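Here's the structure, in structure tokens; my notes come after.
Protein chains in written order, with my numbering: chain A, 1 to 558; chain B, 1 to 71.
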């Protein structure tokens, strides 16, 4: 395609953003003097700051482009990622799991595994998480260079190096605090930079109702505009999935596995100033998460409605005969945005990519420093040495990410591996965490071997389908399925295998004494949190409101 | 030793939105006076002007509310 041209004003907007994020990293460096400052942002953030950062760490540009493109491919079913596939898990984290995480004063999720189980479970998860983080960070970098190269005609190498060095600069200077600051700026950049696409699309077509009507008229056999009413028959919805796969695979395992155990997002809640703020972090974030479909899903539906109207002149790009779904959002930006606003839209995508990478790198430097370096290599490291190690691992992490990005470049289908990577690491870990927090008699050996079995079975299922050792339909239990449906079901089986092996081995191995589990396991811990507050100020009240909004949204788009 | 006081994040968010909004608003005015040869869809409603103004006032309000705050 012909690259989207940037004018002088667009470049000014982009330069303002780069100047700001580097300036903030420089400004914050004088407040970063201890390891707590660097790795936990001093534990002084309000629930609003931690909540927006919690959400933004997940809201990368890869997700914005991918989910808009996925809406074009699968229809409204993609909204399940934002509603049932996120909100219950975020509320569960805030209400039930955060007290165990926050009160134990751990610095990372693997740190909880050390306290609850033992060192080997912590190191296993630490290494798996570090590898996953660097892979995701590299893929993020690769995706950014791909987008900038395809749509703006920018040089591939320069795009990757400039953004990687900028991230290394500001995260290396002030750690999690600057990552959180830039994530919040990214949140506002994304809303101001991309919501206008939805708004202008609705203005052009007439109304949201008209958009839905046009899509329904065009596709009468398969529904692209409903959430649940066609979920009992996989052949009737755009994702080719049964509601069982949505609820068990996405709504339960993948969602809870990601939102409650992935240290990338949970780390933001650890930076909160007190337990109430930490509990409120994912609950506040849930309200903003529910709003994201008004940005990406609406844009995807607008792209469908325009592409089925030959008079609109709107058509997605094709790569080697295949439709490039990720081109939907950039093409809408090019369609509606004049000079100046194009710079804002590109900045929103750049901010999303860079904040996503900064999030991965800040989570990596913490897990590397505490759960691998201090735990295995140098147990007597001083505070000053760990701070130095955090900065050094930031630089090394960025360099490895660059290597991963070049490696990803040589595999054209590497983007498909993202969900697979999550199902290898996060889905089984959620079983370990859930059993560890809620069942006192789960043993360290049960947890370790359960985790090994869950991770390896998930990886085996992925390999088996990839190399045609057996059919995907064995995993999905249906003759009709999409790649997404297979991801959901694989996550469910990995979780089940991990849970079953953990329970089985725990029945025959040595348990930890109950007194060592106080503060770590439900039933052995004082659970009267925030009882002194009036009910409307408690996290439970905000969670109930969030659930009500979730139910209303699902009914509205049933 | 006194701990240095830090500006809240909302101060920086306000500042960047105000600056960017101002630049976009002015570019919209420029395009109103000097219409470009190639027009975008809905160019006639001048989105850069009103969206830039919304950003400027939203950011300006955040900046003004937090300009003297520290955390």
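Don't be surprised by glycine CBs; every beta carbon is placed ideally from N, CA and C. Predicted model only: the values in this text are computed from it and were never measured.
Under the rule that 16 or more other beta-carbon atoms within 10 Å means buried, what is residue i, buried or exposed?
i                     : result
residue 20 (chain B)  : buried
residue 1 (chain B)   : Low per-residue confidence applies at residue 1 (chain B): pLDDT is 47, beneath 50, and the placement is therefore not dependable enough to give any value.
residue 209 (chain A) : exposed
residue 186 (chain A) : buried
residue 250 (chain A) : buried
residue 239 (chain A) : buried
residue 313 (chain A) : exposed
residue 551 (chain A) : exposed
residue 5 (chain B)   : exposed
residue 19 (chain A)  : exposed
residue 518 (chain A) : exposed
residue 35 (chain B)  : exposed
residue 303 (chain A) : buried
residue 17 (chain B)  : buried
residue 234 (chain A) : buried
residue 472 (chain A) : buried
residue 378 (chain A) : exposed
residue 218 (chain A) : exposed
residue 80 (chain A)  : buried
residue 470 (chain A) : exposed
residue 140 (chain A) : buried
residue 37 (chain B)  : exposed
residue 242 (chain A) : buried
Just curious, the alpha helix (DSSP H) that residue i is in, first and last residue?
i                     : result
residue 44 (chain A)  : It is not in any alpha helix (DSSP H) - residue 44 (chain A) carries neither H nor E in the DSSP assignment.
residue 50 (chain B)  : 47-66
residue 196 (chain A) : 156-205
residue 258 (chain A) : 255-261
residue 98 (chain A)  : 98-103
residue 354 (chain A) : 341-366
residue 137 (chain A) : 119-152
residue 123 (chain B) : A question about residue 123 (chain B) goes unanswered here, because the residues of chain B that appear run from 1 up to 71.
residue 299 (chain A) : 293-307
residue 77 (chain A)  : That residue, residue 77 (chain A), is in no alpha helix (DSSP H); it is neither H nor E in DSSP.
Verify whether the separation of the beta carbon atoms of residue i and residue j is less than 8 Å.
i                     : j                     : result
residue 286 (chain A) : residue 47 (chain A)  : no
residue 53 (chain A)  : residue 391 (chain A) : no
residue 436 (chain A) : residue 116 (chain A) : yes
residue 557 (chain A) : residue 76 (chain A)  : yes
residue 270 (chain A) : residue 40 (chain A)  : yes
residue 344 (chain A) : residue 24 (chain B)  : yes
residue 580 (chain A) : residue 144 (chain A) : This structure leaves residue 580 (chain A) out entirely; chain A is present only between 1 and 558.
residue 58 (chain B)  : residue 22 (chain B)  : no
residue 153 (chain A) : residue 325 (chain A) : no
residue 171 (chain A) : residue 164 (chain A) : no
residue 64 (chain A)  : residue 329 (chain A) : yes
residue 427 (chain A) : residue 491 (chain A) : yes
residue 102 (chain A) : residue 275 (chain A) : yes
residue 638 (chain A) : residue 535 (chain A) : What the structure shows of chain A is the stretch from 1 to 558, and residue 638 (chain A) is not part of that stretch, so it cannot be assessed.
residue 237 (chain A) : residue 223 (chain A) : yes
residue 387 (chain A) : residue 35 (chain A)  : yes
residue 272 (chain A) : residue 260 (chain A) : no
residue 559 (chain A) : residue 421 (chain A) : Lying outside 1 to 558, the shown extent of chain A, residue 559 (chain A) is not represented and no answer is given.
residue 82 (chain A)  : residue 200 (chain A) : no
residue 394 (chain A) : residue 372 (chain A) : no
residue 346 (chain A) : residue 182 (chain A) : no
residue 48 (chain B)  : residue 69 (chain B)  : no
residue 130 (chain A) : residue 368 (chain A) : yes
residue 457 (chain A) : residue 138 (chain A) : no
residue 174 (chain A) : residue 359 (chain A) : no
List the DSSP bridge partners of residue i.
i                     : result
residue 223 (chain A) : A:237
residue 322 (chain A) : A:319
residue 272 (chain A) : A:45
Under 8 Å between C-beta atoms, does residue i make it to chain D?
i                   : result
residue 4 (chain A) : The chain labelled as chain D is not found among the protein chains of the depicted structure, namely A and B.
Under 7 Å (Cβ pairs) to chain B, residues found in the segment 191-209 of chain A: 192, 196, 200, 203 and 204
Proximal residues, the segment 322-346 of chain A versus chain B, C-beta separation under 7 Å: 335, 336, 337, 338, 339, 340, 341 and 344
Selection of the segment 9-20 of chain A by Cβ proximity to chain B, strictly under 8 Å: 9, 12, 13, 16, 17 and 20
Contact list for the segment 8-19 of chain B against chain A, Cβ threshold 7 Å: 9, 12, 13, 16, 17 and 19
Interfacial residues, the segment 159-190 of chain A to chain B, with Cβ spacing under 7 Å: 181, 184, 185 and 188
Cβ-based contacts, 9 Å cut-off: residues of the segment 20-37 of chain B near chain A: 20, 21, 23, 24, 25, 26, 27, 28, 30, 31 and 36
Selection of the segment 47-80 of chain A by Cβ proximity to chain B, strictly under 8 Å: 49
Contact residues within the segment 45-61 of chain B, judged by C-beta distance below 9 Å to chain A: 45, 46, 47, 48, 51, 52, 54, 55, 58 and 59
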